[in-house]
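What follows is one structure encoded as structure tokens, with my remarks underneath.
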Ligand SMILES: [Zn+2]
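This is the structure in structure tokens:
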């Protein structure tokens, strides 16, 4: 991937998937080398009776910026690590930036820019009218995705996928719904263009910029490079 692609500014590495019967008509964008392994994973999930659905796939820098600015500027409940939540406007600027980072990536640093990472859910729950929230409790044993979670544990590695946010390492909070295709995303992280990101943030209209820029290096260490990588034996 090019530096532009790695921070969500260019889409040439992506395929748009829609109306594909094998993929149950799901519409999403993914990295062109991820389609086949992803299709195999989804097909296996159908065979095993735990059909997985993609809730979120590729996001551009602009889309991530819209998510970020909404959380920064508007009255939005931010989920905190202890399971509680707080209105974003009740936090001062720096605390607000840190609270947003628990669950939302700084634009340019989202793994969703790569087309290798997906938020997934159990189709059975969705088909029964369950409204997806992407909460840890949904993936616990008794939750609507408890079965899917067990299945993922046994199956992901076979298809070279992994969960970068399997456990809370003090960066991004635990996200059991987020899966990543390791062969591509591993090198994406190693090639991450820090200089281009810095320049792009400097030029972006992003809420909290004056707090973000001085701690950009720390944000990268804590939230971007600090993942549960299968290569580390985690
Ligand atoms: Zn995700």
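Numbering (this note's numbering), first residue to last: 8 to 241.
C-beta atoms are modelled at their ideal positions from N, C-alpha and C, and glycine is treated no differently.
Item                                                                                                                : Value
Residue of 156, 197, 43 and 213 minimising C-alpha distance to residue 27                                           : 43
Proximity below 8 Å, CB of residue 196 to CB of residue 208                                                         : no
Simplified DSSP assignment, three categories, for residue 236                                                       : coil
Same chain, Cβ closer than 8 Å to residue 240, five either side skipped, listed in chain order                      : Its pLDDT being 46, under 50, residue 240 is placed unreliably by the model, and nothing is read from it.
Reference residue 71; option with closest CA among 203, 90, 152 and 16                                              : 16
Residue burial classification, residue 194 (beta-carbon count within 10 angstroms, cutoff 16)                       : exposed
Contact the stretch 149 to 158 vs the stretch 53 to 71: 3+ CB pairs below 8 Å                                       : yes
6 Å Cβ shell around residue 10 - same chain, five flanking residues per side excluded                               : 200 and 203
Contact check, residue 191 vs residue 123, beta carbons under 8 Å                                                   : yes
Segment contact flag, the stretch 102 to 118 with the stretch 63 to 80, C-beta cutoff 8 Å, min 3 pairs              : yes
Check: residue 182 C-beta below 7 Å from any heavy atom of ligand 1                                                 : yes
Residue 38 Cβ short of 7 Å to ligand 1 heavy atom set                                                               : no
Sequence-distant residues of the same chain with beta carbon closer than 7 Å to residue 118, five excluded per side : 124, 171, 187 and 192
Contiguous beta strand (DSSP E) assignments of at least 3 residues, all confined to the stretch 96 to 124           : none
Spatially closest choice to residue 166 from 87, 35, 34 and 40, by CA coordinates                                   : 40
Ligand 1 heavy atom lying under 7 Å from the CB of residue 124                                                      : yes
Helix, strand or coil at residue 69 [DSSP, three-state]                                                             : helix
DSSP-derived helix/strand/coil call for residue 87                                                                  : coil
Segments of 3+ residues assigned as beta strand (DSSP E) that fall wholly inside the stretch 177 to 235             : 185 to 188
Best match in 18, 147 and 152 for proximity to residue 139 [C-alpha to C-alpha]                                     : 152
Simplified DSSP state of residue 30, which is helix, strand or coil                                                 : helix
Residue 52, DSSP secondary structure in three states                                                                : helix
Exposure label - residue 177; buried when at least 16 CB within 10 Å                                                : exposed
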